[in-house]
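Here the protein sequences come in this chain order: A and B.
Terminal number for the first sequence in the working numbering: 202, no gaps in between.
Terminal number for the second sequence in the working numbering: 202, no gaps in between.
Number of protein chains: 2
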Amino acid sequence: MTMAERKAFNKREKIIKSAIKIVNRRGYSGTTMEEVAAELLMTKGSLYYYFKNKSDLMFQCNSIVLLEAQEDLKRVLLDESLSIKKRLQEMVFIHIHYAIEENEVFNLIMRPEQLFSEEQLEEVLHLRDEYAAFFDKIIAKGIETKDFNTEDPIMLRMFILGAMNWIQQWYKPNGRLSKKEIQQRFWNYILKLLT
Amino acid sequence: MTMAERKAFNKREKIIKSAIKIVNRRGYSGTTMEEVAAELLMTKGSLYYYFKNKSDLMFQCNSIVLLEAQEDLKRVLLDESLSIKKRLQEMVFIHIHYAIEENEVFNLIMRPEQLFSEEQLEEVLHLRDEYAAFFDKIIAKGIETKDFNTEDPIMLRMFILGAMNWIQQWYKPNGRLSKKEIQQRFWNYILKLLT
DNA sequence: AGACATTTTTAAACATTGTTTAAAATTTGA
DNA sequence: TCAAATTTTAAACAATGTTTAAAAATGTCT
Numbered sequence: 008m009t010m011a012e013r014k015a016f017n018k019r020e021k022i023i024k025s026a027i028k029i030v031n032r033r034g035y036s037g038t039t040m041e042e043v044a045a046e047l048l049m050t051k052g053s054l055y056y057y058f059k060n061k062s063d064l065m066f067q068c069n070s071i072v073l074l075e076a077q078e079d080l081k082r083v084l085l086d087e088s089l090s091i092k093k094r095l096q097e098m099v100f101i102h103i104h105y106a107i108e109e110n111e112v113f114n115l116i117m118r119p120e121q122l123f124s125e126e127q128l129e130e131v132l133h134l135r136d137e138y139a140a141f142f143d144k145i146i147a148k149g150i151e152t153k154d155f156n157t158e159d160p161i162m163l164r165m166f167i168l169g170a171m172n173w174i175q176q177w178y179k180p181n182g183r184l185s186k187k188e189i190q191q192r193f194w195n196y197i198l199k200l201l202t
Numbered sequence: 008m009t010m011a012e013r014k015a016f017n018k019r020e021k022i023i024k025s026a027i028k029i030v031n032r033r034g035y036s037g038t039t040m041e042e043v044a045a046e047l048l049m050t051k052g053s054l055y056y057y058f059k060n061k062s063d064l065m066f067q068c069n070s071i072v073l074l075e076a077q078e079d080l081k082r083v084l085l086d087e088s089l090s091i092k093k094r095l096q097e098m099v100f101i102h103i104h105y106a107i108e109e110n111e112v113f114n115l116i117m118r119p120e121q122l123f124s125e126e127q128l129e130e131v132l133h134l135r136d137e138y139a140a141f142f143d144k145i146i147a148k149g150i151e152t153k154d155f156n157t158e159d160p161i162m163l164r165m166f167i168l169g170a171m172n173w174i175q176q177w178y179k180p181n182g183r184l185s186k187k188e189i190q191q192r193f194w195n196y197i198l199k200l201l202t
């Protein structure tokens, strides 16, 4: 990688980090290219040197956060020192953590087929599938070991992830329910569904 | 109500009906005032005679659909000829029906606090609370009659409604899973959670 | 029916924001 | 230092929500 390429790569990363913060504050449509640029003392035009367009930038914000969450999940999934149940519990806690803390950017709500180009859409869906597969894997393991018991584990996983994703629609940082409480109670429900 | 008022009222209704169709097809941000107007052979400017702005129009689309769904729920909730369980089952089927068929407009996704004005926001949240209360009521009844058994029924209701709401994020009209299948399996999960 | 008041529609201007462009400024590397 | 490559900029442009003032349509009263 040449000097220039490395520099561009770093800059791109800085822009994404900046954009993630703003998107989580203002939402997708509330985020303007101008504000993202201003944060880094640039003009909005320069962003187009690094990103094809706004939806490309949003796409990359989403991808970064999703990949980060995937890393967290993978670490737990492969931790053989933990029981299957414990591993799923931690994965549930991680998912809820992201749904709450990276709410807007974690799963860019809105029909992705409207926001994204054909190729982007394919990649987003692929990333989401990969992400969900982590949950499928641990559930499958648990069925094998008889820790869990359910028909149609895929549908159940969709049910469970949906319930968690929706948290971002009502969670308020200083509301009645703390993140910890939500994690704990949601985990109880999920365990009940799986046994 | 004078003639003119009645006419304006009807026109408003026509516009809303038209907008609902378009929003369900194109999503919130994909819907332009121009397209809504064109559907009724008007120019976009005239819409502002009937609605304060786009978000006001969206708000009223959302309200209409939400109120319609509330009516459906109420009918079932009060139908004493059905067992508690059966009533909840029908309510679940109704909710999933709306989540699928009126996907985009049923619960206007996106932070309502960004889309709506102060007063609108208050009304939206109120409507949503009212809506959720129908589920709380039947669950409370079921707990009384020992049909159901759960601590913290409110949180559980949030879990359940969230799971159902998320369907709109992945449901495809000609996909692998039919509406009926989803309704049936989701109901199984919900029943498991409640007993 | 005709005249006046009210209601409704329109076209055009405007504001905001995403996007493109051509040129200027900066950086790199020999 | 100088030419080539990279990056930034300001300005123009496009799309779309919003406002406005005037025109058109409608309703009402005599």
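Where is the CB? At the ideal position from N, CA and C, for every residue including glycine.
- For the stretch 146-164 of chain A, the beta-carbon criterion of a distance under 8 Å to any beta-carbon of chain B is satisfied by Asp159, Met162 and Leu163.
- Assignment of Pro160 (chain B) by DSSP, reduced to helix, strand and coil, places it in the helix class.
- Excluding residues up to 5 positions away in sequence, Leu80 and Leu84 lie with their Cβ nearer than 6 Å to the Cβ of Phe141 (chain A) in the same chain.
- Within 8 Å of the CB of Lys199 (chain B), the CB atoms of chain A belong to Lys199 and Leu200, in sequence order along the chain.
- Spanning the alpha carbons of Thr157 (chain A) and Tyr178 (chain A) requires a straight line of approximately 29 Å.
- In the DSSP annotation of this structure, the continuous segment of the alpha helix (DSSP H) that includes Tyr196 (chain B) starts and ends at Lys186 to Leu201.
- Contact with chain B is found for Asn114 (chain A), since one of that chain's Cβ atoms lies less than 9 Å from the residue's Cβ.
- Within 9 Å of the CB of Phe193 (chain A), the CB atoms of chain B belong to Met162 and Phe166, in sequence order along the chain.
- Counting along the chain, Ser25 (chain A) sits inside the alpha helix (DSSP H) bounded by residues Met10 to Arg33.
- Listed along the chain, the chain A residues whose CB falls inside 8 Å of the CB of Tyr178 (chain B) amount to none; the nearest CB is some 10 Å away.
- Flagged as an interface residue toward chain A: Asn172 (chain B), by a C-beta distance shorter than 9 Å.
- Taking 9 Å as the threshold, the shortest C-beta distance from Gly52 (chain B) to chain A does not fall below it.
- For Ile197 (chain A) and Ile29 (chain A), the gap between their C-alpha atoms comes out near 32 Å.
- In the structure shown, Asn114 (chain B) falls within a coil segment according to DSSP collapsed to helix, strand and coil.
- Look at the stretch 48-95 of chain A and you find these whole runs of alpha helix (DSSP H), each 4 residues long or longer: 51-57 and 61-84.
- The stretch 168-188 of chain B makes no contact with the stretch 66-81 of chain B: fewer than 3 CB pairs, one atom from each, lie closer than 8 Å.
- By the criterion of at least three beta-carbon pairs nearer than 8 Å, the stretch 181-198 of chain A is not in contact with the stretch 33-43 of chain B.
- Within its own chain, the residues whose Cβ lies closer than 6 Å to the Cβ of Ile167 (chain A), once the five positions on either side in sequence are excluded, are Ile197, listed in chain order.
- At least one beta carbon of chain B lies nearer than 9 Å to the beta carbon of Leu184 (chain A).
- In the structure shown, Arg183 (chain B) falls within a coil segment according to DSSP collapsed to helix, strand and coil.
- A contact is defined here as three or more CB-CB pairs under 8 Å, and the stretch 18-26 of chain B meets this definition with respect to the stretch 45-65 of chain B.
- At a cut-off of 9 Å, the C-beta of Tyr138 (chain B) has no neighbouring C-beta in chain A.
- Chain A places no beta carbon closer than 9 Å to that of Tyr105 (chain B), leaving this residue out of the contacts.
- The three-state reading of DSSP puts Glu97 (chain A) in helix, counting H, G and I together.
- Residues of chain B with a Cβ closer than 8 Å to the Cβ of Tyr196 (chain A) are, in chain order, Leu163, Phe166 and Leu200.
- Excluding its 5 nearest sequence neighbours in each direction, His104 (chain B) has C-beta neighbours in its own chain below 8 Å: Lys186 and Gln190, listed in chain order.
- Contact of Ile189 (chain B) with chain A is assigned, a C-beta pair being separated by under 9 Å.
- Trp177 (chain B): member of the alpha helix (DSSP H) spanning Ile174 to Trp177, first to last residue.
- When DSSP states are grouped into helix, strand and coil, Lys144 (chain A) belongs to the helix group.
- Asn114 (chain A) is classed as buried because its beta carbon has at least 16 other beta carbons within 10 Å across all chains shown.
- Comparing alpha-carbon positions, the option among A:Asp143, A:Met40 and A:Ser124 lying closest to Leu54 (chain A) turns out to be A:Met40.
- Our two residues, Ala15 (chain A) and Leu128 (chain A), have alpha carbons roughly 25 Å apart in a direct line.
- Taking C-alpha positions only, Ser124 (chain A) is separated from Asp63 (chain A) by approximately 9 Å.
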